[in-house]
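Colleague: In terms of the working numbering, the sequence shown opens at residue 475 and continues consecutively.
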Amino acid sequence: MALVTLFAISMVGSPGPVNMLLMASGANFGYRRSFPFLIGSISGFLLVCMATALGLGTLFTTSPVLQLVFLGASLFYILYLAYRVATANPTMTESSDRPGYLAGLILHPLNPKAWVTVVAAYSQFISPGESYTTQVLTIILIFLVVSLPFNSLWCYGGNLLRRLVTSHQILRAINVALALLMVVAVGLALFQADVLQPLLASLPA
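(1) Which residues mark the beginning and the end of the alpha helix (DSSP H) in which Leu584 is found?
(2) Is Val478 closer than 8 Å to Phe599 when the C-beta atoms are compared?
(3) Which residue's Cα is closest to the Cα of Ile423: Phe519, Leu512 and Gly546?
(4) When DSSP labels each residue in this structure, what does Met656 get in the three-state scheme?
(5) What does a CB cutoff of less than 7 Å around Met494 pick up in its chain, not counting 5 residues either side in sequence?
(6) When we look at the beta-carbon of Leu540 and count the other beta-carbons within 10 Å, is it buried (16 or more) or exposed?
(7) At which residues does the alpha helix (DSSP H) containing Val543 begin and terminate?
(8) What's the C-alpha gap between Tyr606 and Leu521?
(9) Tell me the residue span of the alpha helix (DSSP H) that contains Arg637.
(10) Is DSSP giving Ile600 helix, strand or coil here?
(11) Specify, as a first and last residue, the run of the alpha helix (DSSP H) that Asn493 falls within.
(12) Give me the residue from Val492, Leu528 and Ser499 with the minimum Cα distance to Gly632.
(13) Can you look up Asn649 in the DSSP assignment and give me helix, strand or coil?
(14) Assign Met475 to one of three DSSP states: helix, strand, or coil.
(15) Taking the straight line between their C-alpha atoms, what separation do you get for Leu502 and Pro573?
(16) Do we get a CB-CB distance below 8 Å when we pair Leu576 with the residues of chain D?
(17) Assign Pro586 to one of two classes, buried (16 or more other C-beta atoms within 10 Å of its C-beta) or exposed (fewer than that).
(18) Which whole-angstrom value is the C-beta distance of Leu496 and Ser515, which I expect to be below 8 Å?
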């Protein structure tokens, strides 16, 4: 359990597209207004955990067509969110466009890093000789317990920037930097998981 907890902390607490979005939301709207978005993102991660446990992760790895569709949808959505973050107006803190629960809910299902994380956790920490259901539920519970405080730190970090930085130009620059980091984080997740290699190998010569 200790190893699973350390793994969960290292993955949940590390920079990624969702944490960048949480930080951007905190910087633009504050922690309290971003809390539904935060809870939605954790709920979305729970969906990824359940779907992977039911075999959807394996389905993605064995079907190049599904991989291509998923990657296309993920990249389109992440680029769209990056654009929204980069062009956000830091002065519009009461805007109705601030992300809510549903916006957070679909983040992790369209986040390649989330699928890579869950697949890696199951493959490393589930033992064939023990109850599969019990081990899966334990891993999911650990991730959920870890997610709230560590995701909150990113969101509150953005809220802290909002309080400390009074220049709108600097806040805009922070939004652009967070948007770029989102795209880089997704690219790194895909590269580390070798997701593109089977797709390229399936293409005709």
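Using N, Cα and C, we set each Cβ at its ideal position, and we do this for glycine too.
Modeller: Checking against the coordinates, here is how it stands:
(1) It is not in any alpha helix (DSSP H) - Leu584 carries neither H nor E in the DSSP assignment.
(2) Yes, these two residues count as a Cβ contact at 8 Å.
(3) Since the first and last residues shown for the chain are 475 and 679, residue 423 lies out of range.
(4) If DSSP states are grouped into helix, strand and coil, Met656 belongs with the helices.
(5) Leu652, Leu655, Met656 and Ala659
(6) exposed
(7) Pro538 to Ala560
(8) When rounded, the separation of the alpha-carbon atoms in Tyr606 and Leu521 is 18 Å.
(9) Judged by DSSP secondary structure, Arg637 falls within the alpha helix (DSSP H) whose first and last residues are Tyr606 to Leu638.
(10) coil
(11) Pro491 to Phe503
(12) Measuring from the Cα of Gly632, the nearest candidate turns out to be Ser499.
(13) helix
(14) coil
(15) Checking the displayed sequence, the identity of residue 502 turns out to be Asn instead of Leu. If you take the alpha carbons of Asn502 and Pro573, they lie about 11 Å apart.
(16) Annotation note: the requested chain D is absent from the structure, which comprises a single protein chain.
(17) A residue is called buried once 16 or more other Cβ atoms fall within 10 Å of its Cβ, and Pro586 is buried on that count.
(18) Confirmed, about 7 Å.
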